[in-house]
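Protein chains in written order, with our numbering: chain A, 16 to 436; chain B, 16 to 436.
C-beta atoms are modelled at their ideal positions from N, C-alpha and C, and glycine is treated no differently.
Bear in mind the structure is a predicted one, so any value in this text is a computation, not a measurement.
Given below as structure tokens:
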């Protein structure tokens, strides 16, 4: 059996019939390299927005089961059209939806996780020399309910299929050329990474790099499936390869710098310092499905035996969070609540910082040197994040990018040096 | 268990979100009468045309398998939106596609016939007091391939579901108020029939009445399922009930008059009168999937031992038919071929003509009296069809409608006399 390549094309790549014909060319090119090809596609262009609009016209709060039924039709259109385009260019092809493949998920609508993928039907088609075009974003439960995978769903479908099929590689075609050391729109001398580990990619993704959804990276890591992020428009460019850290040669302590403006900070002042106060706060937030990112508890008023508790959440959750805090006021007995939405989270990420002391200190010193105050700090094994004023975010990213040697003129051109996975 | 009513709404009834909300009201009204309700819907308005256009942009001749994958998405949208509209109006509802229900068909794309319908999931939802909204027009094969049922597919889905579920009635909501004695656009005094038998309805449908597709009528007859054709816009009107002839009280020999302009006539002249010549002609046409309607073979030139063979086909098939005739010229050895596309087929239909002699003669005499020449004649047990000049078609329909006592001023108002099935 030939090596299998999974290719994924997003909504903008299949936005109209001319673009679909171009995608067909890219698929055939890969097939002509001697591979079996599985293609995962999203819904065409603005189809999903259009369907959501129709649903909102019908109901302010449509059930998530029916939303999944509705949205899954979008990929139904794009897979059929791409299969037709491949056939029109002389390539055997067959489209399959999640039910036909057997992409089984949890029974949770609008953000289900994939549990199992059946591969027998896909393999059979590949053995018939057919390209298999599969609907991304959608799944089914064991009792035949249609689910969707939520944001980044088609990326996750593609990576999970690559894992289940034991694919040689999963190519995520997108409108960027790969993963950069930081956002090139902020730092023009950002450099494209030839490779990055799953762990670094996840930290960068959660830190605000929108190239690949964290859940897709997590899925790739689980299956140890090599993923290439590459450009739909420059198919000759190899993009960035995401793979296991064990397969990488570590060179620099820091791989990338990320800036995230999506959060805001809530400070609850003078909370009674009793056992369980923090728990009751964060239990309350969790019950409302609010994800908390950074948390700091500080002894603000030791004489009064009270703490300040500060944490960051997605700014979309602020109303729900304030309602929770109001509700548990009798338990917490706080004096005041402040909301600070003028913040940015700046992160440096690098598997190479493990076992190299001083990286965090160097970050703090760099920010201090340009007069940036650090409001909160959080660290993981391969990441250090600082909360700073929003209007200094770009200054912080630029300075860190230079200090850690990531500017494009600081990086040697290693084109072609890497294994062509 | 409550009585089950199956309702079917076509594309124009669900063309936009306001219309879908109105359909939801009609569904809830039926449910509030104490019934379990199953609703079958088509794709919204011009969705199918739009999808076909996309396919044609991709490929001049897209594969029928992928066309079925593509077109089946249309009903996926309308079922989800109708379920949402029902929920928004406080009615429990769930949408299901053909795969989820288990509507099994032959493995023939674009015009599959239904083989079996699983009812267990539907029944389970009905027992949960949910309205079940089912995608019409689509089916699946036992190996999970998606099929479509062709023209009139949603009507057929609805009637077959009614049969499989043992429904009390299947209501086909449409833009006409019922089945008329003839086309009211041609004969203003056409009257709406309170009831009509399956057999009469089929003959009328094949004869050109476009209210309900013959295949849907055939399916209803197979299951002996009572079908009501009624208006989407006048839901208080009972429309026309289609049911078994055994349940009807026959009153008039002729139930309706139909006019069909869709055909044309081909005459093959001076064919050698050998055994097998007709067979080789009609075998050739069948091999090209050309349906032949009326056939006449006449001894035109007895002295030369040759026949004329005349037959009618759908005008869309004329090119293919002429190619067949050209190809078998060596076998048939004919002298000339004429195509006559200025024809109309006029039919009188009525289960009441069985056992009543003279009906056909009365038809011929009526046409002769107004100077209409009859080019061909065909009869069945409950139908007599005559081929006439196209420009006299309306005159023929009007005269026959009056002669057989079908004008509205000739029919007593029997409103409310019929059993309320």
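Subject >> Closest residue to residue 292 of chain B among B:322, B:305, B:66, B:374 (Cα-Cα distance) >> reply: B:322
Subject >> Nearest candidate by alpha-carbon position, reference residue 87 of chain B, set B:56, B:72, B:105 >> reply: B:56
Original post:
Which residues in the same chain as residue 70 of chain B place their Cβ atom closer than 7 Å to its Cβ, once the five residues preceding and following it in sequence are excluded?
Top reply: 77, 82, 85
**OP:** Could you tell me how far apart the beta carbons of residue 148 of chain A and residue 110 of chain A are, in whole angstroms, since I believe they sit closer than 8 Å?
**Re:** 4 Å
Subject >> residue 299 of chain A versus residue 305 of chain A - alpha carbon distance >> reply: 9 Å
**OP:** Please check if any C-beta of chain A sits within less than 7 Å of the C-beta of residue 154 of chain B.
**Re:** no
Original post:
Nearest to residue 339 of chain B by alpha carbon, out of B:273, B:33, B:297, B:309?
Top reply: B:297
Original post:
If we count the other Cβ atoms within 10 Å of its Cβ and call it buried at 16 or more, is residue 175 of chain B buried or exposed?
Top reply: buried
Original post:
Using the beta-carbon count (16 or more within 10 Å), is residue 211 of chain B buried or exposed?
Top reply: buried
Original post:
At what residues does the alpha helix (DSSP H) containing residue 379 of chain A begin and finish?
Top reply: 374-384
Original post:
Tell me, which residues are paired with residue 401 of chain B by DSSP?
Top reply: B:361, B:392
Subject >> Three-state secondary structure assigned by DSSP to residue 330 of chain B >> reply: helix
**OP:** Leaving aside the five residues before and after residue 419 of chain A along the sequence, list all residues of the same chain whose C-beta is less than 6 Å from its C-beta, in chain order.
**Re:** 269
Original post:
Which residue comes first and which comes last in the alpha helix (DSSP H) that contains residue 421 of chain A?
Top reply: That residue, residue 421 of chain A, is in no alpha helix (DSSP H); it is neither H nor E in DSSP.
Original post:
Thinking C-beta only, is residue 327 of chain B closer than 7 Å to residue 346 of chain B?
Top reply: no
Subject >> Short CB-CB distance (under 7 Å) between residue 102 of chain A and chain B >> reply: yes
**OP:** Have a look at residue 116 of chain B and residue 62 of chain B and give me their C-alpha separation to the nearest angstrom.
**Re:** 23 Å
Original post:
Any idea what DSSP makes of residue 433 of chain B, helix, strand or coil?
Top reply: Only weak support is given to the placement of residue 433 of chain B: the predicted model assigns it a pLDDT of 42, under 50, and the question is left unresolved by the model.
Original post:
Are residue 244 of chain A and residue 258 of chain A closer than 7 Å when you measure CB to CB?
Top reply: no
Subject >> Cutoff 7 Å: residue 92 of chain B Cβ touching any chain A Cβ >> reply: yes
**OP:** Use the C-beta contact count for residue 277 of chain B: other C-beta atoms within 10 angstroms, 16 or more gives buried, fewer gives exposed.
**Re:** exposed
Original post:
Any idea which residues DSSP pairs residue 131 of chain A with across the strands?
Top reply: A:119
Original post:
At a cut of 8 Å, does the segment 17-34 of chain B reach the segment 180-193 of chain B through at least three beta carbon pairs?
Top reply: yes
Original post:
Is the distance from the Cβ of residue 375 of chain A to the Cβ of residue 399 of chain A below 7 Å?
Top reply: yes
**OP:** Below 6 Å CB to CB, which residues in the same chain sit around residue 414 of chain A once its five sequence neighbours on both sides are set aside?
**Re:** 381, 385
**OP:** Answer with yes or no whether the minimum CB distance from residue 327 of chain A to chain B is below 7 Å.
**Re:** no
**OP:** Would you please verify whether the beta carbon of residue 115 of chain A is less than 7 Å from any beta carbon of chain B?
**Re:** yes
Subject >> Which of helix, strand or coil DSSP assigns to residue 202 of chain B >> reply: coil
**OP:** Starting from the beta carbon of residue 438 of chain B, find every residue of chain A whose beta carbon is closer than 7 Å, and list them in chain order.
**Re:** It is not possible to answer for residue 438 of chain B, since the shown part of chain B is limited to 16 through 436.
**OP:** Report the residue from A:341, A:337, A:50 whose alpha carbon sits nearest the alpha carbon of residue 355 of chain A.
**Re:** A:337
Subject >> Segments of 4+ residues assigned as alpha helix (DSSP H) that fall wholly inside the segment 253-326 of chain B >> reply: 292-302
Original post:
Taking Cβ to Cβ, would you say residue 358 of chain B is nearer than 7 Å to residue 280 of chain B?
Top reply: yes
**OP:** Please decide whether residue 427 of chain B counts as near chain A, where near means a Cβ-Cβ distance under 7 Å.
**Re:** Bear in mind that the predicted position of residue 427 of chain B carries a pLDDT of just 48, short of 50, making it too unreliable to give a figure here.
Subject >> Three-state secondary structure assigned by DSSP to residue 30 of chain A >> reply: coil
Original post:
Of all the CB atoms in chain A, is at least one closer than 7 Å to the CB of residue 15 of chain B?
Top reply: As shown, chain B starts at 16 and ends at 436. That puts residue 15 of chain B outside it, with no answer to give.
Original post:
Which of the three DSSP states, helix, strand or coil, is assigned to residue 22 of chain B?
Top reply: strand
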